[in-house]
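Undergrad:
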Amino acid sequence: MELEISGRQIGEFIKSELSCISFLKERSMSCLMMEPILEEFVEKFRQIKFAKINIDDHKEIIEKLDIKSIPMLIIFKQGKEVERISGINFELIEEKLLGVLS
């Protein structure tokens, strides 16, 4: 299960070896469709820490990370952004997650 984090927690969260944050909006149909996909990846990629951020509650993070569309996933490696994936694309997300593990 993904952990919901706040702006104050994001800095500490992304310091881990590998982390992935999904930026979602509560009442967005595309974000609702993304939830089961993310749950599957949480189970499949246990080496990666997953979290989600509701964009309505954390506008300062959205501006700082330049989130322009949702759903958006950002993969971090030791605090640095290494991948950014916009939209619902199961194969692309899986490919990028596998890529950061290799």
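First residue of the sequence shown: 483, per the numbering used here; consecutive thereafter. By construction, the Cβ of each residue, glycine as well, lies at the ideal position given by its N, Cα and C atoms.
In this structure, what does DSSP give as the bridge partners for I535?
TA: Answer is F505, bridged to I535.
Undergrad: When DSSP labels each residue in this structure, what does L485 get in the three-state scheme?
TA: In the structure shown, L485 sits in a strand (DSSP, three-state: E or B).
Undergrad: Nearest-angstrom Cα distance between D539 and G581?
TA: Cα-Cα distance, rounded: 31 Å.
Undergrad: Note the first and the last residue of the continuous alpha helix (DSSP H) segment covering I575.
TA: It spans F572 to L583 - the alpha helix (DSSP H) in which I575 sits, taken as one unbroken run.
Undergrad: What number of angstroms, rounded off, separates the C-alpha of L506 from the C-alpha of E563?
TA: So the two alpha carbons sit approximately 18 Å from each other.
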